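To start, the structure itself, in structure tokens.
2 protein chains.
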Amino acid sequence: MANIRDVAKKAGVSIATVSATLNDSAVVSEKTRQRVWAAVNAVGYAPNAIARSLRLGKSRLIGVVIADIGNPFCSSIVRVVEQVAIAAGYSIIVCNTDEDEARELAVLDQLIVQHVAGIILTPVGCGGDYIGALEARNLPPTVTVDQKVPGLARDFVGVDNRAAARMLTDYLLRLGHRRIAMITGRAGTWTSEERLAAFIDALDDADARFDPSLCVPGNFRGDVAYKATIPLMARADRPTAIIGVNNVTALGALQAILDLGFRCPTDVSVAGIDDVPWGGLVRPRVTTAAQPVEEIAGVAIAWLLERIAVDAGSDTIAPRTQIFAPEMIVGGSCAPIAVPEKVADRTLTRTDATVL
Amino acid sequence: MANIRDVAKKAGVSIATVSATLNDSAVVSEKTRQRVWAAVNAVGYAPNAIARSLRLGKSRLIGVVIADIGNPFCSSIVRVVEQVAIAAGYSIIVCNTDEDEARELAVLDQLIVQHVAGIILTPVGCGGDYIGALEARNLPPTVTVDQKVPGLARDFVGVDNRAAARMLTDYLLRLGHRRIAMITGRAGTWTSEERLAAFIDALDDADARFDPSLCVPGNFRGDVAYKATIPLMARADRPTAIIGVNNVTALGALQAILDLGFRCPTDVSVAGIDDVPWGGLVRPRVTTAAQPVEEIAGVAIAWLLERIAVDAGSDTIAPRTQIFAPEMIVGGSCAPIAVPEKVADRTLTRTDATVL
DNA sequence: GCAGAAAGCTGAAACGTTTTGTGAAAGCTG
DNA sequence: CAGCTTTCACAAAACGTTTCAGCTTTCTGC
Chain A
1459 MANIRDVAKK AGVSIATVSA TLNDSAVVSE KTRQRVWAAV NAVGYAPNAI
1509 ARSLRLGKSR LIGVVIADIG NPFCSSIVRV VEQVAIAAGY SIIVCNTDED
1559 EARELAVLDQ LIVQHVAGII LTPVGCGGDY IGALEARNLP PTVTVDQKVP
1609 GLARDFVGVD NRAAARMLTD YLLRLGHRRI AMITGRAGTW TSEERLAAFI
1659 DALDDADARF DPSLCVPGNF RGDVAYKATI PLMARADRPT AIIGVNNVTA
1709 LGALQAILDL GFRCPTDVSV AGIDDVPWGG LVRPRVTTAA QPVEEIAGVA
1759 IAWLLERIAV DAGSDTIAPR TQIFAPEMIV GGSCAPIAVP EKVADRTLTR
1809 TDATVL
Chain B
1459 MANIRDVAKK AGVSIATVSA TLNDSAVVSE KTRQRVWAAV NAVGYAPNAI
1509 ARSLRLGKSR LIGVVIADIG NPFCSSIVRV VEQVAIAAGY SIIVCNTDED
1559 EARELAVLDQ LIVQHVAGII LTPVGCGGDY IGALEARNLP PTVTVDQKVP
1609 GLARDFVGVD NRAAARMLTD YLLRLGHRRI AMITGRAGTW TSEERLAAFI
1659 DALDDADARF DPSLCVPGNF RGDVAYKATI PLMARADRPT AIIGVNNVTA
1709 LGALQAILDL GFRCPTDVSV AGIDDVPWGG LVRPRVTTAA QPVEEIAGVA
1759 IAWLLERIAV DAGSDTIAPR TQIFAPEMIV GGSCAPIAVP EKVADRTLTR
1809 TDATVL
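Note that the protein sequences, when read in sequence, are chains A and B.
Taking the working numbering, the leading residue of the first sequence gets 1459, the next gets one more, and so forth.
Taking the working numbering, the leading residue of the second sequence gets 1459, the next gets one more, and so forth.
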């Protein structure tokens, strides 16, 4: 591999001049410039990114730390971030944490010693110790996505989780459901807690009793949701509707329901937050409060690049937050329920039409 | 950030000794060793990966070049590779080529200047120029996956494409279909050509006429398959079955069929190669010849790590190839067709039972 | 007690860049 | 043409490691 010295020799100039020419970092006469470029092409020179990074103290790599690359939500983020990053001359290092806090901290350490220019982080932890651990590492410019870590002074881009859970719950309530179950995410995580809180609020507001036994712990993963659904459906007083805390949770529940021989939505309704690709082909189509993933990822990487650029000028941007509104996609997975009260039955048609 | 000099000063030894201690590269007395480790912990030292890479001439990064990260097949590969790589002390740089040859060569160049230790490559190109371009770059140890590039002397791990296409076609033929369409991948790619060839062979063997107008060009992407399906279904002599060259192609076709108001499999049968996550929830379940993605990715990264290790010893391994057998997953997307001939009708039930 | 070997440590070089300070040549002004 | 400024190129240092050759010191065998 040719290095800058080879180019310098070929062009008959010093390596400083070659560097100046390539980076436009100093004024170089037109004549020399051409000689240098000719030499570059002649020897097939490409700057060694590692040496460059060493000298500059930072690389042109961006770390993307996500919870579960098997989840299409995450792979969509990766796709968008990669596209924008490449266009800006960066490459991305993808790290999967599998929703595990220790793994997250470990991969962050790896990214730090690689001196990545910035990090897009889907945090997985919560609590004071976790925040302390994050702050102890001196992270490069970082934008958090999806999971907000309250108390952490970092940019955040995500969706309005309360609105998402609220719109689904209200929808099911209007359809007459009262025994609504929820499969949550990992306890303590902002996303899960917010969605759960809005779910409970909605039940309260509708004077529907919140039954804690219908709130089963999941971890944002489909396989766990599948297993959690089985006992739920085995109960004599089984729920008439199940809300999954995210996309794959709802799909896992749906799969379990069908495998158990129940029909959806006839026997039980299902709804979830966030869509999946080809969700339109899943029958029944799962009613969902979809997140604008592409926009979220787009803002995240844009903010990060901005922060990286400004950081070089040792200026500082105050942490920003952007929350997107979810969009309701009504599928066929939720059916109205026969309600004893006539009043509820009457309101049903009207409000339902509004939603649709 | 503390560097090796800080540690040396703190421990009262030379930096050479610190390095020797950390890497076990030379004999160090127990007493010194402990002093060094104490100093490392005291100053919170972590070796600078960039400086290390510069000195060693290669980084602990592995490039993963895939065609379309939106395709679950690709994201599964990324997931498996990342997991194994992290465990082996490597991080992965993910690059998306969007099925574009120029982009592929560009990201390969980026990986080369980053001095990645190795590359997992889903090639996207074909032909002599492409092979030449690959060979001109002196790539680090590389394992190709999914797309074989005939003539390229590199490890390859993939699936038996002919068997996959053959089993689907035979299945449809046994169901009585004769007007079978295929939506192909990018012309010239090994995967697409092999699958197409086996498709044609199967038709020939069954004395079913291959109608070139029923073979429409796609590019392995769902949106293109969707658009390609519309004119196909608009024909007076529309096909009774459609085979998608891969998973998302079949899904795109299915979506188009349903959107046009046709029923699957009543009006038209659909089959595809390679499964998608939650494929079991898609109705009708698309009959598919599934690839063992995890195994494929597992072998690929294992081979790569092996090659990286051996390469250091300047030994050479001859290029290897491993081909996995596809597995047939019979869904509800293919229905038997009313065939005029009685004979075909009779054989139908028998052979079909064998497949199931 | 002495030659030689082994153990343990160190200084310095090298990896390939970017950047800074310096100085020579060229251009301008009066 | 003297004096000044501007333009252009360069040598050398620095980034943080690893490694090699060499230097002490200690051990071993006779």
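All C-beta atoms in this analysis are idealised placements derived from N, C-alpha and C, irrespective of residue type, glycine included.
On a predicted model such as this, the values are computed, not experimentally measured, just so you know.
Around residue 1746 (chain A), the same chain offers 1730, 1733 and 1787 as residues with beta carbons nearer than 6 Å, after the five sequence neighbours per side are excluded. As a beta-bridge residue in DSSP terms, residue 1554 (chain B) pairs with B:1524. By DSSP's assignment, residue 1549 (chain B) forms a beta bridge with B:1519. With distances taken between CA atoms, residue 1535 (chain A) lies nearest to A:1751 out of A:1791, A:1751 and A:1792. C-alpha of residue 1678 (chain B) to C-alpha of residue 1794 (chain B): approximately 27 Å in a straight line. Check the Cα spacing between residue 1517 (chain B) and each of A:1486, A:1633, A:1650 and A:1508: the tightest is with A:1508.
Contact check between the stretch 1628-1641 of chain B and the stretch 1690-1698 of chain B: three or more CB pairs, one atom from each, fall below 8 Å, which counts as touching. Using a Cβ distance threshold of 8 Å, residue 1652 (chain B) and residue 1620 (chain B) count as a contacting pair. Residue burial annotation: residue 1459 (chain B) is exposed, with fewer than 16 other C-beta atoms found within 10 angstroms of its C-beta. Around the beta carbon of residue 1650 (chain A), 16 or more other beta carbons sit within 10 angstroms, so the residue counts as buried.
Of all residues in the stretch 1655-1676 of chain B, none has a C-beta nearer than 9 Å to a C-beta of chain A. Chain-ordered, the chain A residues with CB closer than 7 Å to the CB of residue 1552 (chain B) read 1536, 1540, 1550 and 1552.
Put simply, the backbone Cα of residue 1524 (chain A) is about 25 Å away from that of residue 1505 (chain B). Taking a C-beta distance under 8 Å as the contact criterion, residue 1737 (chain B) and residue 1744 (chain B) qualify as a contact pair. Proximity to residue 1498 (chain A) across A:1476, A:1483 and A:1539 peaks at A:1476, based on C-alpha coordinates.
Under the criterion of beta carbons closer than 8 Å, residue 1566 (chain B) and residue 1519 (chain B) do not qualify as touching, at roughly 14 Å.
Scanning B:1707, B:1465 and B:1489 for the CA closest to the CA of residue 1684 (chain B) turns up B:1707. A distance below 8 Å separates the beta carbons of residue 1582 (chain A) and residue 1605 (chain A). Judged by their CB atoms, residue 1735 (chain A) and residue 1528 (chain B) are nearer to each other than the 8 Å cut-off.
Contact check for residue 1660 (chain A) against residue 1631 (chain A) passes: the beta carbons are separated by less than 8 Å. The Cβ-Cβ distance between residue 1544 (chain B) and residue 1569 (chain B) does not fall below 8 Å.
Restricting attention to beta strand (DSSP E) runs no shorter than 3 residues, the stretch 1667-1706 of chain A encloses them at 1699-1702, ordered along the chain.
For residue 1505 (chain B), the C-beta contacts it makes with chain A under 8 Å involve 1571, in order along the chain. In the structure shown, residue 1485 (chain A) adopts coil according to DSSP, grouped into three states. In the three-state scheme derived from DSSP, where H, G and I count as helix and E and B as strand, residue 1610 (chain B) is classed as coil. According to DSSP, residue 1585 (chain B) shares a beta bridge with no other residue. Residue contact with chain A for residue 1736 (chain B): present (Cβ-Cβ distance below 8 Å to some residue of chain A). Separation of residue 1572 (chain B) and residue 1594 (chain A) (C-alpha to C-alpha, rounded to the nearest whole angstrom) is 29 Å.
Rounded to the nearest angstrom, the gap between the Cα atoms of residue 1760 (chain B) and residue 1474 (chain A) is 43 Å. Across the set B:1554, B:1562 and B:1539, the C-alpha of B:1539 shows the shortest separation from the C-alpha of residue 1554 (chain A). Taking CB atoms only, residue 1739 (chain B) has a neighbour in chain A less than 8 Å away. Looking at the DSSP output, residue 1751 (chain B) sits in no beta bridge, so it has no partner there.
Apart from sequence neighbours up to five positions away, the residues of its chain that approach residue 1464 (chain B) with a beta-carbon distance below 6 Å are 1501, ordered along the chain. For residue 1625 (chain A), the uninterrupted alpha helix (DSSP H) run begins and ends at 1619-1632, by DSSP. Neighbours of residue 1713 (chain A) in chain B, taken as residues whose beta carbon is under 8 Å from its own, are 1736, 1738 and 1739 in chain order. Contact annotation, residue 1576 (chain B) with residue 1762 (chain B): C-beta distance approximately 5 Å; criterion of less than 8 Å satisfied.
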